[in-house]
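Before any comments, here is the structure.
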Amino acid sequence: MAIRIPSAEVSPRNDNGILKFYEGDTFIFQLYLELEDQDGEDIILDGSKDSVVISFFDYKNRIAKTFSFGNGKDNLIGAENILELDFDEETTGLFEKGKYTYDCIVEIEGIGKRKIIDRAPVIVE
Numbered sequence: 000m001a002i003r004i005p006s007a008e009v010s011p012r013n014d015n016g017i018l019k020f021y022e023g024d025t026f027i028f029q030l031y032l033e034l035e036d037q038d039g040e041d042i043i044l045d046g047s048k049d050s051v052v053i054s055f056f057d058y059k060n061r062i063a064k065t066f067s068f069g070n071g072k073d074n075l076i077g078a079e080n081i082l083e084l085d086f087d088e089e090t091t092g093l094f095e096k097g098k099y100t101y102d103c104i105v106e107i108e109g110i111g112k113r114k115i116i117d118r119a120p121v122i123v124e
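The numbers in numbering that gives the first Met the number 0 rise by one with no breaks, and the one at position 6 of the sequence shown is 5.
Here it is as structure tokens:
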């Protein structure tokens, strides 16, 4: 009698709002920010004036990794407010199996600083 071995899930993936990936996987995680001002007008970030910081935290609330975009930061803000988080070998090596969260803070010239993602869940399998 043969035993059926289940296939692995796609990695990375969004599973009911949870970012999941396998330990050691390398990938580019694209985050699209759809922003509006108080009048309902679209906000397109200007990488020379605005900035975005995305921080990942482990289960003890310690920073595991921070990605910085825009004005004076390490990475560029892409067209249409797309942020590319590069989980290269060095970065993915920071994430052992377990539960994590991430925050996203946007600072827009003339508007100020706002946390737009608060403790979104991440699971490394």
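The beta-carbon is built from N, C-alpha and C at its ideal position, and this holds for glycine as well.
Item	Value
Close-in-space but distant-in-sequence residues of the same chain around Y31 (CB under 6 Å, 5 per side omitted)	I81
Per DSSP, the bridge partner or partners of D41	E35
Local conformation of E83 per DSSP, three classes	strand
Where the beta strand (DSSP E) through T25 begins and ends	That residue, T25, is in no beta strand (DSSP E); it is neither H nor E in DSSP.
Cβ shell of E35 (< 7 Å), same chain only, five flanking positions each side left out	D41 and I42
Secondary structure, beta strand (DSSP E): runs of 3+ residues fully inside the segment 67–121	81–86 and 97–107
Contact belief for F94 with A63 at Cβ below 8 Å, rounded distance in angstroms	6 Å
Residues sharing a beta bridge with D14, DSSP	I17
Unbroken beta strand (DSSP E) run spanning V132, endpoints	Lying outside 0 to 124, the shown extent of the chain, residue 132 is not represented and no answer is given.
I2 in three-state terms, based on DSSP	coil
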